[in-house]
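Have a look at the structure below before the remarks.
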Amino acid sequence: MFLVYKMINLKEKNIPDGWQILPLSNLCNNLDNRRIPITKSDRVSGDIPYYGATGIIDYVGDFIFDEEILVIGEDGADWLPFVNKSFIVKGKSWVNNHAHVLKAKGLSSNIYLEQYLNWVNLDIYTTGGTRKKLNKEVLMELPVCLPKLKLEQEKIAEILSKVDEDIEKTEKIIEETGKIKSGLMQELLTKGIGHTKFKKTKLGEIPENWQVKSFNDCFDVASKLQGLKKSDYKEQGRYPIIDQAQSFITGYTDSNDLLQEKIPTIIFGDHTRILKYIDFPYVLGNDGTKIIWAKKENDPKFLFYSLLKLDIPNTGYNRHFKYLEQAIFAVPKKPEQEKITEILSSVDEKITVNKKLKEKLIQLKKGLMSDLLNGKVRVK
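According to the numbering used here, the stretch in the sequence shown is residues 206 to 585, in order.
Put into structure tokens, the structure is as follows:
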């Protein structure tokens, strides 16, 4: 009755001429009966992707599917709107029992269904508490709004797939640039620029004129600061609020009582091991974030990269900062620090530009999905 009610509501909306609403079962076959889970200890390693609710979780030596299928999580997935909760799998694959397996029958391909399922809110169809589940029976009754003409379905799928391709290309650029940055950090923060003579230290070989310095030699740390009250948070205001490093800016305030004007600043989330570099005035919203300043004889961003290079262990709640305080660093004179910073910052800029581009593409796709998948904007 619940899904029947949902379909009635859909039919009451202004569905354009030439469109229809059908249950998912009319558009695809469910292949769940062919799924086979394999415990990790029983898996034979190979090059066949082994899929779970959210994607590839392993590679195995055999397959149960050798065709194009559409996979969507049964439990342990995110079913909210505009989330990539369904994905197309081509060729040989193995799927466990935490994901549903579908194959288009009333459509020209799986792509329209993939885009539609990623657009709609499936969370309202799930059951359970802490670990929600999207039951097969409920999924197959899901009302799907679509054009009757396959040509229009194909054009919608083509447009959305093209944006997906652009997002994927941008993600690859971000990933590849990140690898370049990691390699440059390893090289520049240990070997420097143009050095021929090196010396052995606790950190390994470093340029002869570099020094090994302690954390206290390089940084000043703020004393414990009291954070803002929840009532001080605003959606807009003069100063951004930094509240736990993983959240970065979580609100704004006009109060300057806790304003940190020493810039640039490094913040460290003691709960999360996440470091961030800030070069604008801000207000501290939570004392769970450590405030670190580079000493004047150093380039602050060089030291930030030196901190990033550290492999901070997961030592437990509120213990991560102690690891930083015990760390030692290879430090050149400030002019060389600045040259190294300039190189690494240029790579960072490329990553930032592409992250912004990716976000724009994601927003573009959301708009296109909302316009195309309910017939608001027609393509012919």
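Glycine residues also receive a C-beta, built at the ideal position from the N, C-alpha and C atoms.
Under the criterion of beta carbons closer than 8 Å, Gln-225 and Leu-351 qualify as touching, at roughly 7 Å. Residue Tyr-457 holds the alpha-carbon nearest to the alpha-carbon of Ser-436 among Cys-423, Asp-425, Tyr-457, Leu-577.
At the C-beta level, Ile-556 and Leu-389 stay beyond 8 Å of one another. Counting only residues of its own chain and dropping the five nearest sequence neighbours on each side, Phe-453 has a CB closer than 8 Å to the CB of Ile-447, Lys-481.
The closest CA to that of Leu-318, considering only Glu-279, Lys-338, Ser-366, is found on Ser-366. Distance from the CA atom of Arg-248 to the CA atom of Tyr-256, rounded to whole angstroms, is 13 Å. Contact between the segment 333-352 and the segment 271-290 is present: 3 or more CB-CB pairs across the two stretches fall below 8 Å. Runs of the alpha helix (DSSP H) lying entirely within the segment 342-411 and spanning at least 4 residues, in chain order: 355-396. Cα atoms of Asn-326 and Val-349: separation of roughly 12 Å, rounded to the nearest angstrom.
DSSP places Phe-287 in the coil class of the three-state scheme, outside both helix and strand.
Closest option to Thr-332, judged by alpha-carbon separation, among Val-584, Val-343, Asp-252: Val-343.
In the structure shown, the three-state DSSP call for Gln-465 is strand.
With a contact defined as Cβ atoms closer than 8 Å, Glu-373 and Leu-229 miss out at about 26 Å.
Here Ile-364 really is in contact with Leu-573; their C-beta atoms are around 6 Å apart, less than 8 Å.
Put simply, the backbone Cα of Asn-238 is about 14 Å away from that of Leu-275.
When DSSP assignments are scanned along the segment 465-504, the uninterrupted stretches of beta strand (DSSP E) that are 3 or more residues long and fall wholly within it turn out to be 470-474, 479-483, 487-489, 494-499. Boundaries of the alpha helix (DSSP H) harbouring Asn-559: 539-577, taken from the DSSP string. Using a 10 angstroms sphere on the CB of Glu-530, the tally of other CB atoms stays under 16, which defines it as exposed. Burial check for Lys-386: the Cβ neighbour count within 10 Å reaches 16 or more, so the residue is buried.
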